[in-house]
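Colleague: Protein chains in written order, with my numbering: chain A, 226 to 486; chain B, 1032 to 1259. The beta-carbon is built from N, C-alpha and C at its ideal position, and this holds for glycine as well. Since we're looking at a predicted model, the values are computed, not measured.
Pasting the structure below:
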């Protein structure tokens, strides 16, 4: 059974149709790259998966559980959406770290708040908090940020910020980790360190969806590639199929811009 | 000069009493207007049109008319027009009326500062919180509030310092604050009459208090400098 299934997902903003019947599925442990020009609907798709946008039609299933069904308004209550979001993690283009918290606190905050809802929290408070802190420190170490844990976001470089953001998303153990152009706000020098971290996650079979303009990276890291244009999936397949033998004219056109550049 | 020195202890005593009333009005206004302003800010940002329309209308009226008129209306309207003197008589009644007028007036100014502060926090902060499974109230209190406070401290400092001086307006309904106390020596009080210097002297009270406030607010601004 696929970990993620998306059926006929549609989204319009006013009169603009941004997503037109998107169908996709993703297997556990796979990395999916979504490529396409700006405005093709890639980011909107990720935002729909993370319940930052409400699709107008379609179904989203994770592990066979229907998380969203546009035909069933009962499934769209804010209170139930909150827990459903936790199936997904999202790393933003602009990091969106919390500026008043240190790197470590950024990673711990959400987990601490969720832990406080546990029935046994009062009894085992100290133990739970220590565990959360240890896990957060461990994640930051994995990101190569052991010596930056006590720093505030404004004291970190863009690449370091984005790695903190990745650790923050991982801390909640999402089923599927989504990246929304994670390196678009970084200069080329810092892009490498972030891509390296994402590649390590792929090597550990983290289930991921990566929206990116880094073609070489998309091709390299992904098990599956989707090319989107004008709100539809034009072409999909293995990196080899999409990058080396694109069947569609539109895909060829798009990729040729990158070859020249 | 000799005379002034002789009058000084009596005058200072009276001015101190007046200034305590000034301070009471100042602090009561702040305590009331801080939360009320936040409510008004939420009201004016509400997606429920009748509510946001109504609050914006109120803010427009309150900010568009002199505080002195508002003081007079709030103090005299219930008793003289509605025949229902809700404030009661004496200094207590005047203080209640003045506090009410000041709280409403300053809450409206504060609400606009809050609104700027809230809307100045990037939308990505809320989205990051949502994606991490936080509730709306956790996002507000744990993420946005401090960023908002940082943004509003400088404009708030301005309003707070203006408020210190605006309390003098309560003189119009004869609240016995420091200006009232200073002025009383013109007509005659405590055996002193025809003295204008106590009225001028009240300026030092405002000046010194505002100096202290400036230091305090500057310290707060520095305190919040640890993040950007």
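Please tell me whether residue 238/A has its Cβ less than 7 Å away from any Cβ of chain B.
Modeller: Here residue 238/A is taken as the residue at index 13 of the first chain, counted from 1. For residue 238/A, the answer is no, since every Cβ of chain B falls outside 7 Å of its Cβ.
Colleague: Just list the alpha helix (DSSP H) runs in the segment 1079–1152 of chain B, keeping only unbroken ones of 4 residues or longer that don't cross its boundaries, in chain order.
Modeller: As far as the segment 1079–1152 of chain B is concerned, its whole alpha helix (DSSP H) runs of at least 4 residues are 1080–1095, 1098–1107 and 1121–1151.
Colleague: Classify residue 366/A: buried if its beta carbon has 16 or more other beta carbons within 10 angstroms, exposed otherwise.
Modeller: As a first step, residue 366/A must be located in the first chain, where it is residue number 141. Exposed, since its Cβ has fewer than 16 Cβ neighbours within 10 Å.
Colleague: Does the segment 1173–1192 of chain B touch the segment 1149–1159 of chain B, meaning 3 or more C-beta pairs lie closer than 8 Å?
Modeller: Enough Cβ pairs lie closer than 8 Å, so yes.
Colleague: How is the alpha helix (DSSP H) around residue 1160/B delimited, first residue to last?
Modeller: Residue mapping note: residue 1160/B aligns to position 129 of the second chain, counting from 1. Counting along the chain, the alpha helix (DSSP H) containing residue 1160/B begins and ends at 1154–1162.
Colleague: Determine the direct distance from the alpha carbon of residue 337/A to that of residue 1164/B, and round the result to whole angstroms.
Modeller: Translated into positions along the second chain, residue 1164/B becomes position 133. Translated into positions along the first chain, residue 337/A becomes position 112. Between residue 1164/B and residue 337/A, the C-alpha separation is close to 11 Å.
Colleague: Please check the pair residue 405/A and residue 249/A, which I expect to be a contact at CB under 8 Å, by giving their CB distance rounded to whole angstroms.
Modeller: Sequence index remark: in the first chain, residue 405/A carries index 180 (1-based). Sequence index remark: in the first chain, residue 249/A carries index 24 (1-based). Contact doesn't hold; Cβ gap of about 16 Å is too wide.
Colleague: Residue range of the beta strand (DSSP E) that residue 457/A falls in?
Modeller: In the first chain, counting from the first residue as 1, residue 457/A sits at position 232. Residues 457–462.
Colleague: Does the beta carbon of residue 319/A sit closer than 7 Å to a beta carbon anywhere in chain B?
Modeller: One-based indexing of the first chain puts residue 319/A at position 94. Cβ-Cβ to chain B under 7 Å: yes for residue 319/A.
Colleague: Helix or strand or just coil, what does DSSP make of residue 482/A?
Modeller: The residue labelled residue 482/A in the question sits at position 257 within the first chain. Three-state DSSP puts residue 482/A in a helix.
Colleague: Grab the span of the beta strand (DSSP E) containing residue 256/A for me, first residue to last.
Modeller: Locating residue 256/A in the first chain gives position 31, counting from the first residue. Residues 256–260.
Colleague: Run through chain B and tell me which residues come within less than 7 Å of residue 310/A, C-beta to C-beta.
Modeller: Indexing the first chain from 1 puts residue 310/A at position 85. Those within 7 Å of residue 310/A in chain B are 1161, 1162 and 1164.
Colleague: Please name the residue, chosen from 237/A, 239/A and 246/A, that lies closest to residue 453/A on a Cα-to-Cα basis.
Modeller: Position 228 of the first chain, counted from the first residue, corresponds to residue 453/A. Per the Cα distances, 246/A.
Colleague: Determine the burial state of residue 298/A: buried for a count of at least 16 other Cβ atoms within 10 Å of its Cβ, exposed for fewer.
Modeller: In the first chain, the residue the question calls residue 298/A occupies position 73. When all chains shown are included, residue 298/A counts as exposed.
Colleague: Between 264/A, 483/A and 253/A, which has its C-alpha nearest residue 241/A's C-alpha?
Modeller: On the first chain, position 16 is the one that residue 241/A refers to. The shortest Cα separation from residue 241/A among 264/A, 483/A and 253/A belongs to 264/A.
Colleague: Check each candidate in 444/A, 262/A, 235/A and 421/A and name the one with the smallest Cα separation from residue 296/A.
Modeller: Indexing the first chain from 1 puts residue 296/A at position 71. Answer by Cα proximity: 235/A.
Colleague: Nearest by alpha-carbon distance to residue 395/A: which of 342/A, 316/A and 289/A is it?
Modeller: Along the first chain, one-based indexing puts residue 395/A at 170. For residue 395/A, the nearest C-alpha among the options comes from 316/A.
Colleague: Ends of the beta strand (DSSP E) at residue 238/A?
Modeller: Start at 1 with the first residue of the first chain, and residue 238/A comes out as number 13. 229–238 is the span of the beta strand (DSSP E), which, as asked, contains residue 238/A.
Colleague: Report all residues from its chain with a CB closer than 7 Å to the CB of residue 1102/B; omit the five preceding and five following residues, and keep chain order.
Modeller: Numbered from 1 along the second chain, position 71 holds the residue referred to as residue 1102/B. 1129, 1132, 1200, 1201, 1203 and 1204, listed in sequence order.
Colleague: Does residue 1258/B have its Cβ less than 7 Å from a Cβ in chain A?
Modeller: Numbered from its first residue, the second chain carries residue 1258/B at position 227. Yes, residue 1258/B counts as interfacial toward chain A.
Colleague: Nearest-angstrom Cα distance between residue 1124/B and residue 1206/B?
Modeller: The sequence position of residue 1124/B within the second chain is 93, counting from 1. The sequence position of residue 1206/B within the second chain is 175, counting from 1. Whole-angstrom Cα-Cα distance: 9 Å.
Colleague: Work out the CA separation of residue 1115/B and residue 1109/B for me, nearest whole Å.
Modeller: Here residue 1109/B corresponds to residue number 78 of the second chain, with the count starting at 1. Here residue 1115/B corresponds to residue number 84 of the second chain, with the count starting at 1. In a straight line, the C-alpha of residue 1109/B is about 5 Å away from that of residue 1115/B.
Colleague: Is it right to say residue 352/A is buried, meaning 16 or more other beta carbons lie within 10 angstroms of its own, or is it exposed?
Modeller: Translated into positions along the first chain, residue 352/A becomes position 127. Counting Cβ neighbours within 10 Å, residue 352/A comes out exposed, since fewer than 16 surround it.
Colleague: Could you give the DSSP three-state label for residue 449/A: helix, strand or coil?
Modeller: Numbered from its first residue, the first chain carries residue 449/A at position 224. Strand, per DSSP.
Colleague: Using a Cβ-Cβ cut-off of less than 9 Å, give me the residues of the segment 1169–1182 of chain B that come near chain A, in sequence order.
Modeller: If the cut-off is 9 Å between Cβ atoms, the segment 1169–1182 of chain B has 1169, 1173, 1174, 1177, 1178 and 1181 near chain A.
Colleague: Output the distance between the C-alpha atoms of residue 364/A and residue 371/A, rounded to the nearest integer angstrom.
Modeller: Here the question's residue 364/A lines up with position 139 in the first chain. Here the question's residue 371/A lines up with position 146 in the first chain. So the two alpha carbons sit approximately 9 Å from each other.
Colleague: If contact means a Cβ-Cβ distance below 7 Å, which residues of the segment 1139–1160 of chain B contact chain A?
Modeller: Answer set for the segment 1139–1160 of chain B: 1155, 1156, 1158 and 1159.
Colleague: Would you grab the beta carbon distance between residue 1208/B and residue 1198/B for me? Rounded to a whole angstrom, and I think it's under 8 Å.
Modeller: Reading the second chain from its first residue, position 177 is the one you call residue 1208/B. Reading the second chain from its first residue, position 167 is the one you call residue 1198/B. Indeed, because the Cβ distance is near 6 Å, the residues count as touching under 8 Å.
Colleague: Is any beta-carbon of chain B found at less than 7 Å from that of residue 323/A?
Modeller: Start at 1 with the first residue of the first chain, and residue 323/A comes out as number 98. Residue 323/A counts as touching chain B.
Colleague: How is residue 1243/B classed by DSSP in three states: helix, strand or coil?
Modeller: Locating residue 1243/B in the second chain gives position 212, where the first residue counts as 1. Of the three classes helix, strand and coil, the one that applies to residue 1243/B here is helix, per DSSP.
Colleague: Verify the CB distance criterion: does residue 379/A have a CB-CB separation below 7 Å to chain B?
Modeller: The count along the first chain starts at 1 and reaches residue 379/A at position 154. For residue 379/A, the answer is yes, since a Cβ of chain B falls inside 7 Å of its Cβ.
Colleague: Tell me the rounded alpha-carbon separation between residue 375/A and residue 327/A.
Modeller: Residue mapping note: residue 375/A aligns to position 150 of the first chain, counting from 1. Residue mapping note: residue 327/A aligns to position 102 of the first chain, counting from 1. Straight-line Cα distance between these residues: approximately 5 Å.
Colleague: Please determine, among 254/A, 233/A and 237/A, the residue with the shortest C-alpha to C-alpha distance to residue 427/A.
Modeller: Stepping through the first chain from its first residue, residue 427/A is reached at position 202. Comparing Cα-Cα distances from residue 427/A to each of 254/A, 233/A and 237/A, the minimum goes to 254/A.
Colleague: Is residue 1228/B buried or exposed, if buried means 16 or more other CB atoms sit within 10 Å of its CB?
Modeller: On the second chain, position 197 is the one that residue 1228/B refers to. So residue 1228/B ends up on the exposed side.
Colleague: Is DSSP giving residue 384/A helix, strand or coil here?
Modeller: Translated into the one-based positions of the first chain, residue 384/A becomes position 159. Three-state result, residue 384/A: helix.
Colleague: Is it true that the segment 270–284 of chain A meets the segment 469–481 of chain A, where meeting means three or more beta-carbon pairs spaced less than 8 Å apart?
Modeller: With the cut-off at 8 Å, the segment 270–284 of chain A and the segment 469–481 of chain A do not touch.
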